[in-house]
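Here the structure is laid out as structure tokens; the discussion comes afterwards.
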Amino acid sequence: MGAAGALTVEGVTSARADGPAREETRTLTGRLPAGAPDYVYLPVEVPAGVRELAVSYTYDRPEVPPGTLGNACDVGIFDERGTALGGAGFRGWSGGARTEFVVGTERATPGYLPGPVRPGTWHVVLGPYTVAPQGMAYEVRVTLRYGPAGRTPAVVHPPQRAAGRGRAWYRGDNHLHSVHSDGRRTPAEIAAAARAAGLDWITTTEHNTTSAHGAWQGLWGDDLLILTGEEVTTRNGHVLALGTDPGVFVDWRYRARDGAGQGAFARFARAIRRAGGLVVPAHPFADCPGCSWKFGYEHADVVEVWNGPWTPDDEMAVAAWDAGLAAAARGGGRWLPAMGNSDAHREPQVVGLPQTVVLADSLSRQDLLAGLRAGRSWIAESSAVGLTFEAYGARGGRAGIGGRLRVRADDEPVTVRLGVTGVPGAVVRLVTDQGPVFTAPLPADGRLEWGTSAARSAYVRAEVRRGGADRPMVALTNPVFLGA
């Protein structure tokens, strides 16, 4: 993934300013051809005595033929510890959201990590997301600012639990972006929006950076738990590292087709779990460049099937997820729970549209993630939507969402009971491993029953849609499994 054979440095110039606040600016120019590596590393020699680096970059945007992608280039930086995949040198990433940033001992631009500025070879990393047929001409300016280093601010991370309501259903939005990546909201604005949406917890998931992990001081409380994570944004799909230990960075610089791509993803999936988090492929059928999921689901814990307002992408994700459920039910394999998140970046995108409602023993990181992993959850359009969904056996057994109703015989009658509030005029669809088996308007009292058996249905899940069976989703449950 290096720059060998693809990077032409056309010029490096320097300008110095002497005095108490001495600065030195270096300008690097070059051209990347179409087909350039995903990541190009520009070395910058940092001498002793530098307290911070200020970086800005530009690149050309030539006209391209209709239907052809033009130039788009991301940027980040690694320090003297190097650029090795998964190494310790990462100091920040802003993708294409910023044209300039600062990294220093005392401060850093959101998306970047303050800390020691040690002498050695640093690297500005360019990520040519798409390159026009004419190539991409770039200019990077690096200003070295000398002076006393000062002290790096202490980082305060959110607590791991909040007061909560004991064992209860908790509502969360676990895919959110702030000014620390390509969002426009501040952490304070996100926290306020989460409370207004009736959420119990949120997870901060910036693109390829952990700089937001310490940005929530004073924003959590007994009414709002804040977990940390990352949206690992590869060129072959995005994956949420959900609920990882604060400060843990997960690398993103690999593709599924690379010789080490699948191995790299497996490696970092294990790293996410070691850090206490869940591996959650996000918006797997999104049609933006690099967004659709190519790594498979072998290493996933949960899958995000509903991302923001309901779209055909979500319809495809639910269909693919359900096909996986049916295959797991027939073969006795592992099934993958579903979740939904807003992926909100800015106004008017709505925090909590949708939200995942999880049955957990407490409002804590450990119990919430356990509930998600077990599939004890359903997805709601908003906190105005309420739902209950259970299966009852003729001989007295009972199971809820994500559970299994064990019956003595496959032909034992099973009654499925659904209750919905806050969605007048909705249509309910029940889906089993055989496909949609029951569709009806939601009764006025919001309750309905349906009969089946383990012989007829390996699982049952519920969809609630507004205005028709093919209309936008309002609520979606994980399955209740039937049989031994």
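Sequence positions in the sequence shown follow full-length UniProt numbering and run 1 to 484. Think of the CB as a built atom: it goes at the ideal place given N, C-alpha and C, for glycine as much as any other residue.
Only buried fits THR209, as 16 or more other CB atoms lie within 10 angstroms of its CB. Going by DSSP, GLN355 is part of the beta strand (DSSP E) stretching over 355-360. Cβ neighbours of PRO110 within its own chain (closer than 7 Å, five residues either side excluded): VAL179, HIS180, SER211.
Burial is judged here by how many other beta carbons sit within 10 angstroms of a residue's own beta carbon; THR68 has fewer than 16 and is exposed. If you ignore the 5 residues before and after ASP182, its C-beta comes within less than 7 Å of the C-beta of GLY95, ALA97, HIS207, HIS345, all in its own chain and listed in chain order.
Scanning GLY340, TYR146, LEU32, GLY393 for the CA closest to the CA of ALA282 turns up GLY340.
Proximity of the segment 56-71 to the segment 150-163 falls short of the contact definition, fewer than three beta-carbon pairs being nearer than 8 Å.
Per the C-alpha coordinates, the member of GLY70, PRO65, VAL102, SER453 positioned closest to PHE78 is VAL102. A contact between stretches requires three or more CB pairs, one per stretch, nearer than 8 Å, and the segment 219-230 fails this requirement with the segment 396-410. Within a 10 Å sphere around the beta-carbon of ALA197 sit 16 or more other beta-carbons, which makes this residue buried. The beta carbons of ALA380 and GLN355 sit about 6 Å from each other, so the pair counts as a contact at 8 Å. Of ARG26, LEU448, LEU368, the smallest CA-CA separation from GLY164 is found for LEU368. Distance from the CA of PRO436 to the CA of VAL460, rounded to the nearest whole angstrom, comes to 9 Å. Taken in chain order, no unbroken stretch of alpha helix (DSSP H) lies wholly in the segment 415-468 with a span of 4 residues or more.
Taken atom to atom, the span from the alpha-carbon of ILE190 to that of LEU430 is near 35 Å. In this structure GLU45 is exposed. Its beta-carbon is surrounded by fewer than 16 other beta-carbon atoms within 10 angstroms. Looking at GLY467, VAL464, TYR392, GLY172, the one whose alpha-carbon comes closest to that of GLY483 is TYR392.
Distances from the CA of ALA317 to each of ALA329, GLU347, ASP301, PRO284 were compared; the closest alpha carbon is that of PRO284. In the three-state reduction of the DSSP assignment, PRO110 falls in the coil class, being assigned neither a helical nor a strand state. The segment 80-96 makes contact with the segment 116-128, as at least three CB pairs between them are under 8 Å.
A buried status is given to GLU230, since no fewer than 16 other beta-carbon atoms sit within 10 Å of its beta-carbon. The beta carbons of LEU405 and ALA475 sit no closer together than 8 Å. Distances from the CA of TRP201 to each of ARG184, ASP222, GLY218 were compared; the closest alpha carbon is that of ASP222.
Ranked by Cα distance from HIS238, the first of ARG107, ARG253, PHE438, PRO479 is ARG253. By the CB criterion at 8 Å, ARG141 and THR27 fall inside the cutoff. Between the segment 126-143 and the segment 28-42 there are three or more inter-stretch CB-CB distances shorter than 8 Å, so the stretches are counted as touching. In this structure, the straight-line span from the alpha carbon of ALA444 to that of PRO424 is close to 8 Å. Put simply, the backbone Cα of SER362 is about 20 Å away from that of VAL302. Inter-residue distance for TRP293 and ALA327 is about 19 Å (C-alpha atoms, whole angstroms).
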